[in-house]
Each structure stands twice: as structure tokens, then as C-alpha cells.
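Visitor: The structure that follows is given in the form of C-alpha cells.
Residue numbers (the working numbering): 24 to 271.
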């Protein structure tokens, strides 16, 4: 059983051996559904790897009071896959090793965008396995469409359960010129935010200091994920970005 406290307090797991405390436990979850072809998959993996190698990200990772983070990764489509279990990143060598693991991940696809199932798995299986005390727990959700999976439970219910367990969920919607599943999205409003970003803000983002930071297509993913990592692992850095807003 996991013992979970709000952001700013410690989180531990009785299911795993406890190591030194960390500033952040970060779950990076990546959409690999039918809309993600080989080229888009590579752009996502390379973007995450380059972000982990970025000097600014490494400085943010090592600059906290605990001097490190826990990192894990989930790919998801019809079902989620816990492709990188919890690893500690406390220095540049750790970050480069994590980047190498990300680049080596084989593509695992699926048809649907089953985000609710991924969040349920994160709540029930991944968060309880956190192997050390963490000052904050963050799930980083990226994808190019809304949940289209007819899940067994509403996504808002699972999102709210995660938030009540002390988890912050941030969104990185990948905005396409021809959005998928437009019927599932809110209508575009002149001068307003893109429909997918609206959907992420309404149904994904949650928890203290949660935010949504869009990528303007897959070619912009590297920039967005790098900026997002800095915000997520550094409480000081988050104050510099207007995208960091109070969530639910």
C-alpha cells in the first residue's frame, strides 16, 4: 500500500525498497496510438532523450534540495506499458543513461487513445511503486487527440482520484493541422485556445501548479518537452513561465 501526501510532502511506497529522497517523481506518458507513425514516434523519443541531455534540464534536476529525481516512462494506446520503471537521475551521467534507454525503446503501437486506462494504471500500479520519498509526484501526459476509447470510467474521475492522492498532472497536447477525433473535442472559438488544448485543460490537467503546454505539431515536441521538464523538476523555474497556472 502506498502512503501518499499532497505536493510539498513526502510520498513513500511500502512495495519497494526505499532509497534517498528526491525532489520529484516524474512519470512521462507518451501516446503511441494509431495516429503515431514511425516518424512521429521517433520525434517523441528523440525529443525526450534530448531533453534529458539538455544542460538546463540537468541543472534543474540536480539543483533541488534533494539533488535528484525519479524518472519513469509509460507508452500507451489500447493499453499502457510501463516501459521504463523507476530510475534515479542525480547527475549528468544518470541523465545521459536515461536518454540512452529512451532512444532504445522499440515502438509499441495500438489503435485507440486510451488515456483513462493509462491514468488508472498510473494511480493503481505506478505511483504506489515509487521507491523513495518524493516532495512532489508529476505525471506528464502528451498526445495528439482526446481519449477515444469508451473507457470503463470517466477520465475526470480518474484524474481527480490521482489529484486526491497527491499527484499533479500536466498536459502536452500535440496540436495538428488536421486534428484527430474532432467530434470528441469542444468547438473552436475565434481567438480562443485550440480545441485539443481546451480538452486537456478540462480533462487532463489537475493538481497544484498544474499546467498545459502545447506543442505546435510533432516537429515542436522537442522544444515543448524540454521546457516542460525544466518547469516540472524545478519549483524555482516554474515561476518564470506564464504557462504554469494553478490547477484543480
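Idealized CB from N, CA, C, for every residue including glycine.
Bear in mind the structure is a predicted one, so any value in this text is a computation, not a measurement.
Just to confirm my understanding: we take residue 170, look at its own chain, exclude 5 residues before and 5 after, and list those with CB closer than 7 angstroms. What are they?
Guide: In the chain shown, counting from the first residue as 1, residue 170 sits at position 147. Hits under 7 angstroms: 136, 137, 138, 139, 178.
Visitor: Could you check whether the segment 45-65 touches the segment 218-229, counting it as contact only if at least three pairs of C-beta atoms, one from each stretch, sit closer than 8 angstroms?
Guide: Too few Cβ pairs lie closer than 8 angstroms, so no.
Visitor: Measuring alpha carbon to alpha carbon, tell me which of 211, 159, 247, 165 ends up nearest residue 230.
Guide: As a working note, residue 230 is residue 207 in the chain shown. Comparing Cα positions, the closest option is 159.
Visitor: Once DSSP output is grouped into helix, strand and coil, what is the label at residue 251?
Guide: For the purposes of this step, residue 251 is taken as the residue at position 228 of the chain shown. In the structure shown, residue 251 sits in a helix (DSSP, three-state: H, G or I).
Visitor: Which residue or residues does DSSP assign as beta-bridge partners of residue 96?
Guide: On the chain shown, residue 96 is found 73 positions in, with the first residue counted as 1. Bridge partners of residue 96: 51, 107.
Visitor: For residue 85, is the classification buried or exposed, using 16 other Cβ atoms within 10 angstroms of its Cβ as the cut-off for buried?
Guide: Here residue 85 refers to the residue found at position 62 of the chain shown. Buried: at least 16 other Cβ atoms inside 10 Å.
Visitor: Can you name, in chain order, every residue of its own chain whose Cβ lies under 7 angstroms from the Cβ of residue 207, other than the five neighbours on each side?
Guide: Taking the chain shown and counting its residues from 1, one reaches residue 207 at position 184. So the list reads 169, 171, once near-sequence residues are dropped.
Visitor: What are the residues that DSSP puts in a beta bridge with residue 164?
Guide: Residue numbering aside, residue 164 sits at position 141 when the chain shown is read from its first letter. According to DSSP, which records beta bridges pairwise, residue 164 is partnered with 52, 194.
Visitor: State the Cα-Cα distance for the pair residue 122 and residue 201, rounded to the nearest angstrom.
Guide: Reading the chain shown from its first residue, position 99 is the one you call residue 122. Reading the chain shown from its first residue, position 178 is the one you call residue 201. Cα to Cα, residue 122 sits roughly 31 angstroms from residue 201.
Visitor: Grouping DSSP H, G and I as helix and E and B as strand, with all else coil, what is residue 125?
Guide: Residue numbering aside, residue 125 sits at position 102 when the chain shown is read from its first letter. Helix at residue 125.
Visitor: Output the distance between the C-alpha atoms of residue 53 and residue 251, rounded to the nearest integer angstrom.
Guide: Looking up residue 53 in the chain shown gives position 30. Looking up residue 251 in the chain shown gives position 228. Whole-angstrom Cα-Cα distance: 14 angstroms.
Visitor: Are the beta-carbon atoms belonging to residue 109 and residue 43 less than 8 angstroms from one another?
Guide: On the chain shown, residue 109 is found 86 positions in, with the first residue counted as 1. On the chain shown, residue 43 is found 20 positions in, with the first residue counted as 1. No, the Cβ-Cβ distance between residue 109 and residue 43 is not below 8 angstroms.
Visitor: How would you write the range of the alpha helix (DSSP H) that residue 230 sits in, first residue to last?
Guide: The residue labelled residue 230 in the question sits at position 207 within the chain shown. Looking at the DSSP string, residue 230 is not in any alpha helix (DSSP H), and its letter there is neither H nor E.
Visitor: Can you tell me which of the three DSSP states residue 7 falls into?
Guide: The requested residue 7 does not occur in the structure, where the chain is confined to residues 24 to 271.
Visitor: Just to confirm before moving on: does the CB-CB distance between residue 150 and residue 195 stay below 8 angstroms?
Guide: One-based indexing of the chain shown puts residue 150 at position 127. One-based indexing of the chain shown puts residue 195 at position 172. Contact flag unset, no.
Visitor: Can you give the Cα-Cα distance for residue 130 and residue 119, rounded to whole angstroms?
Guide: For the purposes of this step, residue 130 is taken as residue 107 along the chain shown, with counting starting at 1. For the purposes of this step, residue 119 is taken as residue 96 along the chain shown, with counting starting at 1. About 21 angstroms.
Visitor: Take the Cβ of residue 255 as the centre, count every other Cβ of all protein chains shown within 10 Å, and call the residue buried at 16 or more, exposed below.
Guide: For this step, residue 255 is matched to residue 232 along the chain shown. Counting Cβ neighbours within 10 Å, residue 255 comes out buried, since at least 16 surround it.
Visitor: What's the call for residue 166, buried or exposed, on a 16-neighbour Cβ count within 10 Å?
Guide: For this step, residue 166 is matched to residue 143 along the chain shown. It is buried - the Cβ of residue 166 has at least 16 other Cβ atoms within 10 Å.
Visitor: Is it buried or exposed for residue 238, if we count other Cβ within 10 angstroms and need 16 for buried?
Guide: For the purposes of this step, residue 238 is identified with residue 215 of the chain shown, where counting begins at 1. It is buried - the Cβ of residue 238 has at least 16 other Cβ atoms within 10 Å.
Visitor: On the DSSP letters alone, give me the boundaries of the alpha helix (DSSP H) that residue 275 sits inside.
Guide: The structure shown does not extend to residue 275, since the chain is modelled only from 24 through 271, so no value can be given for it.
Visitor: Express the C-alpha separation of residue 126 and residue 56 in angstroms, rounding to a whole number.
Guide: Working through the chain shown from its first residue, we reach residue 56 at position 33. Working through the chain shown from its first residue, we reach residue 126 at position 103. Straight-line Cα distance between these residues: approximately 18 angstroms.
Visitor: Here's the rule I'm using: 16 or more other beta-carbon atoms within 10 Å means buried, otherwise exposed. How should residue 193 be labelled?
Guide: Start at 1 with the first residue of the chain shown, and residue 193 comes out as number 170. Looking at its Cβ environment, which holds 16 or more other Cβ atoms inside 10 Å, residue 193 is buried.
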